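Taking it in order: structure first as structure tokens, then the write-up.
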Amino acid sequence: MAMQGRALAVLVIVNMAAAALSASLVTFIFGDSLTEVGNNNFLQYSLAKSNFPYYGIDYPGGQATGRFTNGRTIGDIICIFISPTSYIHKRGG
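Under mature numbering (1 follows the signal peptide of the UniProt record, and there is no 0), the letters of the sequence shown match residues -19 to -1, 1 to 74, in that order.
What follows is the structure in structure tokens.
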């Protein structure tokens, strides 16, 4: 019985270690006035577009980011320090 308990403990520890290695870092930032700067480029009939060059003048590469800001938000800066991979959905959102 003691041998089965040890084997179970080893199995649980190995399983937990494998799960920790495969875990990914994810950041969810829900928009407020400091983090949500809008994105209307994917709305078909919107007149308010944010793909003009001056909306990315302070961003690396000077490219328009599709957001109504010329640089990074506080959410972008925090994510740089914890460095998860970025993901932008193709259909907006």
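The beta carbon of each residue, even a glycine, is placed where N, CA and C say it ideally should be.
All figures in this text were calculated on a predicted structure; none of them were measured in a lab.
### Message
Give me, in chain order, the residues of the same chain whose beta-carbon lies closer than 8 Å to that of N51; leave out the 5 immediate sequence neighbours on both sides.
### Response
Along the sequence shown, read from residue 1 onward, the residue named residue 51 stands at position 70. The residues are Y35, Y36, G37, I38, D39 and Y40.
### Message
Using the three-state DSSP reduction, which class does Y26 fall into: helix, strand or coil?
### Response
As a first step, residue 26 must be located in the sequence shown, where it is residue number 45. Coil, per DSSP.
### Task
Report the residue from G19, L(-9), L28 and S27 whose alpha carbon sits nearest the alpha carbon of G47.
Residue numbering aside, residue 47 sits at position 66 when the sequence shown is read from its first letter. Among G19, L(-9), L28 and S27, the Cα nearest to that of G47 is on G19.
### Task
Would you give the residue range spanned by the alpha helix (DSSP H) that D57 belongs to?
Working through the sequence shown from its first residue, we reach residue 57 at position 76. Unbroken alpha helix (DSSP H) run through D57: I55 to I63.
### Task
List the whole-angstrom C-beta distance separating I10 from G56, where the pair is believed to meet the contact cut-off of C-beta under 8 Å.
Within the sequence shown, residue 10 is the residue found at index 29, counting from 1. Within the sequence shown, residue 56 is the residue found at index 75, counting from 1. Confirmed, Cβ separation roughly 4 Å.
### Of the listed residues T8, A(-13), L(-12) and A(-2), nearest to I63 (C-alpha basis)
Locating residue 63 in the sequence shown gives position 82, counting from the first residue. Distances from the CA of I63 to each of T8, A(-13), L(-12) and A(-2) were compared; the closest alpha carbon is that of T8.
#### Entry: F49 vs S31 beta-carbon contact at 8 Å
Taking the first residue of the sequence shown as 1, we reach residue 49 at position 68. Taking the first residue of the sequence shown as 1, we reach residue 31 at position 50. For F49 and S31, yes; Cβs fall inside 8 Å.
### Query
Going along the chain, which residues of its own chain have a beta-carbon closer than 7 Å to the beta-carbon of T16, five neighbours each way excluded?
For the purposes of this step, residue 16 is identified with residue 35 of the sequence shown, where counting begins at 1. Closer than 7 Å at the Cβ level, and outside the excluded window around T16, lie I10, T54, I55 and G56.
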